[in-house]
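Trainee: Residues in the sequence shown are numbered from 1 upward in steps of one, following the working numbering.
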Amino acid sequence: MHVAADYGPYEKDRDDRVEKALADDDVALVRTGSSYAVAPGRVTKDDGSPYRVFTPFYRAWQQHGWRAPAPGVRSVPWIRADVRTKQIPDVDPPEGVTLPPLGEDAARRRWREYLDQVDEYDDLRDLPGRDATSRMSVHLKWGTIHPRTMLADLADRGSKGAEAYARELAFREFYADVVHHRPDTLAGYYDKRFEAMDYDEPGEDLQAWKDGRTGFPIVDAGMRQLLAEGWMHNRVRMIVASFLVKDLHLEWTVGADHFLDLLVDADPPSNQHGWQWVAGCGTDASPYFRIFNPTSQGKKFDPDGTYVRRWVPELRDVPKTFVHEPWKLDEPPADYPAPIVDHAEEREESLRRYAALRS
Ligand SMILES: Cc1cc2nc3c(=O)[nH]c(=O)nc-3n(C[C@H](O)[C@H](O)[C@H](O)COP(=O)(O)OP(=O)(O)OC[C@H]3O[C@@H](n4cnc5c(N)ncnc54)[C@H](O)[C@@H]3O)c2cc1C
Numbered sequence: 001m002h003v004a005a006d007y008g009p010y011e012k013d014r015d016d017r018v019e020k021a022l023a024d025d026d027v028a029l030v031r032t033g034s035s036y037a038v039a040p041g042r043v044t045k046d047d048g049s050p051y052r053v054f055t056p057f058y059r060a061w062q063q064h065g066w067r068a069p070a071p072g073v074r075s076v077p078w079i080r081a082d083v084r085t086k087q088i089p090d091v092d093p094p095e096g097v098t099l100p101p102l103g104e105d106a107a108r109r110r111w112r113e114y115l116d117q118v119d120e121y122d123d124l125r126d127l128p129g130r131d132a133t134s135r136m137s138v139h140l141k142w143g144t145i146h147p148r149t150m151l152a153d154l155a156d157r158g159s160k161g162a163e164a165y166a167r168e169l170a171f172r173e174f175y176a177d178v179v180h181h182r183p184d185t186l187a188g189y190y191d192k193r194f195e196a197m198d199y200d201e202p203g204e205d206l207q208a209w210k211d212g213r214t215g216f217p218i219v220d221a222g223m224r225q226l227l228a229e230g231w232m233h234n235r236v237r238m239i240v241a242s243f244l245v246k247d248l249h250l251e252w253t254v255g256a257d258h259f260l261d262l263l264v265d266a267d268p269p270s271n272q273h274g275w276q277w278v279a280g281c282g283t284d285a286s287p288y289f290r291i292f293n294p295t296s297q298g299k300k301f302d303p304d305g306t307y308v309r310r311w312v313p314e315l316r317d318v319p320k321t322f323v324h325e326p327w328k329l330d331e332p333p334a335d336y337p338a339p340i341v342d343h344a345e346e347r348e349e350s351l352r353r354y355a356a357l358r359s
């Protein structure tokens with residue numbers, strides 16, 4: 001039996017158990033390739049140690065290179081008829097949830113369609129109102145497209161946008177590599193010093209965050225997109241994560257667990273390390289004291305409020321000037337909550353806790 005090798009601690013253990021079970025029937029489990037362009041563990045420094053910082057990893061990853069994608073297969077005659085006819089069961093999503101089309105055909109279709117847009121990726125990818133990212137994460141997660149297929153098309157394209165896109169694919173590979181060397185960081189802190197930080201216990205604020213009712217429009221739009229689509233734009237993932245850690249003072253693991261529960265692209269290495277990066281305790285982490293202001297982030301990356309209006313119907317008629325700070329209106333929309341925290345105060349509180357950790 002042939003499978004693509006999997007690298008997470010749970011996945012490795014699962015495959016070992018399958019291997020043992022198959023051996024009882026004299027069937028070998030053959031792990032071939034991986035779901036990465038370069039398998040985790042392959043890119044190392046000259047002394048054989050792993051990279052801890054993305055940019056040098058990225059250079060070494062490019063130098064290492066990868067094989068061209070395998071040529072397409074027209075038919076697989078050895079598939080047994082009873083196996084071929086078994087379909088993935090249709091599952092009805094919960095009420096109000098829209099799931100993306102899945103499967104290999106859907107992945108290729110989406111990728112071909114997106115390639116026409118990729119040249120603009122670098123300029124537009126941070127604007128959640130523009131839908132300028134590929135949404136290929138779900139297909140990469142479920143293995144219905146291989147990154148080598150994508151990297152070959154990107155190299156043919158050769159644009160600045162295509163290069164920027166390939167760099168993001170390298171982030172996925174970097175985090176898989178980090179977890180390969182430090183499996184403990186899926187559940188625990190990469191920078192252990194942060195274990196000792198003073199955190200709050202989750203309470204009502206956490207529920208308001210999950211429900212998209214914090215009173216900060218960009219945070220609420222992101223959390224409602226997550227509820228409705230099982231996906232959220234990358235810039236907004238960073239904003240909502242920062243809000244949970246630095247405005248609500250909760251541990252990153254609380255938010256990361258919620259993301260893993262709801263994301264259709266839930267990928268433990270990218271998720272846990274995306275969270276740790278925001279929380280300041282991950283690999284080349286954004287310094288802890290760089291605290292996102294949800295209002296100015298909203299104004300900068302969703303300048304006309306397109307994204308907020310799409311996901312927060314209570315704010316649909318609010319003029320552009322107030323869409324990221326509706327509390328400044330003479331009459332704020334009655335059905336939209338007032339901010340659950342004062343960002344300026346919580347920022348100071350976060351810095352105080354950080355200073356205490358360092359003293
Ligand atoms: C707090 C947080 C949690 C995250 N959780 C996940 C997760 O569970 N699964 C996941 O796939 N990504 C995660 N990411 C990374 C990123 O947000 C998503 O990969 C991206 O939003 C997926 O949308 P896309 O396919 O349109 O991305 P595009 O912008 O089109 O990027 C192309 C591909 O590059 C990869 N990529 C892009 N950005 C990153 C990144 N920062 N880290 C790792 N890979 C990246 C993804 O495979 C993505 O599909 C997380 C980021 C943060 C800040």
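A virtual CB, placed ideally from N, CA and C, is assigned to each residue, including glycine.
#1: Give the DSSP bridge partners of SER34, in chain order.
#2: In chain order, which beta strand (DSSP E) runs of at least 3 residues are fully inside the segment 309–350?
#3: So for GLN297, helix, strand or coil by DSSP?
#4: At the level of alpha carbons, what is the spacing between ASP257 and ARG67?
#5: Can you tell which of ILE291, SER270, GLY203, PRO268 has the C-alpha that lies nearest to the C-alpha of ALA279?
#6: May I ask which residues mark the beginning and end of the alpha helix (DSSP H) holding MET238?
#7: State yes or no: is the beta carbon of TRP231 nearer than 8 angstroms to at least one beta carbon in chain C?
#8: Less than 8 angstroms separating the beta-carbons of TYR121 and ALA152?
#9: At a cut of 8 angstroms, does the segment 45–63 reach the segment 118–136 through at least three beta carbon pairs?
#10: Please confirm if the segment 186–195 is in contact with the segment 220–229, defined as three or more CB-CB distances below 8 angstroms between the two stretches.
#11: Around the C-beta of GLN272, are 16 or more other C-beta atoms found within 10 angstroms, so that it is buried, or is it exposed?
#12: Could you compute how far the alpha carbon of TRP209 sits from the alpha carbon of LYS328?
#13: Comparing C-alpha positions only, which one of ALA37, ASP16, PRO333, LEU102 sits nearest to ALA166?
#14: What do you get for LYS45, buried or exposed, if any count of 16 or more other CB atoms within 10 angstroms of its CB means buried?
#15: When you compare only the Cα positions, how much space is there between GLN207 and ASP13?
#16: How many Å lie between VAL318 and PRO326 at the Cα?
#17: In its own chain, which residues sit with a C-beta less than 8 angstroms from the C-beta of THR32, not counting the 5 before and 5 after it?
#18: If you draw a straight line from the alpha carbon of LEU29 to that of MET197, how long is it in whole angstroms?
#19: Just curious, the alpha helix (DSSP H) that ALA428 is in, first and last residue?
#20: Would you tell me roughly how many angstroms separate the C-alpha atoms of PRO313 and PHE259, rounded to the nearest one?
#21: In chain order, what residues of the same chain have a beta carbon less than 6 angstroms from the beta carbon of GLY41, not counting five sequence neighbours either side?
#22: What are the start and end residues of each continuous alpha helix (DSSP H) run of 4 or more residues lying completely inside the segment 48–135, in chain order?
#23: Quick one: is the Cβ of ALA155 within less than 7 angstroms of any heavy atom of ligand 1?
#24: Is TYR190 near ligand 1, in the sense that its beta carbon is under 7 angstroms from a heavy atom of that ligand?
#25: What's the call for GLN360, buried or exposed, on a 16-neighbour Cβ count within 10 Å?
#26: Counting pairs of Cβ atoms below 8 angstroms between the segment 13–28 and the segment 139–148, do you hit three or more?
#27: Less than 8 angstroms between the CB atoms is what I'm expecting for GLY255 and LEU244, so what's the real figure, rounded?
#28: Cα-Cα, which of GLU95, LEU102, VAL97 is closest to PRO89?
#29: Taking 7 angstroms as the cut-off, is the CB of LYS210 close to at least one heavy atom of ligand 1?
#30: Using C-beta distances below 7 angstroms, list every residue in its chain close to GLY72, excluding the 5 sequence neighbours before and after it, in chain order.
#31: Any heavy atom of ligand 1 within a distance shorter than 7 angstroms of the CB on LYS141?
#32: Within the same chain, show all residues whose beta-carbon is closer than 6 angstroms to that of SER296, passing over the 5 residues directly before and after it, in chain order.
#33: Note down the Cα distance separating ARG316 from LEU124, rounded to an integer number of angstroms.
#34: Please determine whether the Cβ atom of VAL278 lies at a distance below 7 angstroms from any heavy atom of ligand 1.
#35: Between PRO303 and ARG353, what straight-line distance do the alpha-carbon atoms span, to the nearest angstrom?
Mentor: Inspection of the coordinates gives the following:
#1: Answer is ALA5, bridged to SER34.
#2: With a minimum length of 3 residues, there is no unbroken run of beta strand (DSSP E) contained wholly in the segment 309–350.
#3: Taken through DSSP and simplified to helix, strand or coil, GLN297 comes out as helix.
#4: C-alpha separation (whole angstroms): 35 angstroms.
#5: ILE291
#6: 234–242
#7: Included in the structure is just one protein chain, with no chain C present.
#8: Contact check for TYR121 against ALA152 fails: the beta carbons are separated by 8 angstroms or more.
#9: no
#10: no
#11: GLN272 comes out buried.
#12: 21 angstroms
#13: ALA37
#14: exposed
#15: 34 angstroms
#16: Each residue's Cα considered, the two are about 7 angstroms apart.
#17: HIS2, VAL3, ALA4, ALA5
#18: 45 angstroms
#19: The structure shown has nothing for residue 428, since the chain only spans 1 to 359.
#20: If I take the Cα positions, the gap works out to 23 angstroms.
#21: HIS180
#22: Listed in chain order, they are 54–64, 81–84, 104–115, 121–124.
#23: no
#24: no
#25: Outside the shown range of the chain (1 to 359) lies residue 360, about which nothing can therefore be said.
#26: No, because fewer than three Cβ pairs between the segment 13–28 and the segment 139–148 fall closer than 8 angstroms, the two stretches do not touch.
#27: 4 angstroms
#28: LEU102
#29: no
#30: none
#31: yes
#32: none
#33: 23 angstroms
#34: yes
#35: Rounded to whole angstroms, PRO303 and ARG353 show a C-alpha spacing of 32 angstroms.
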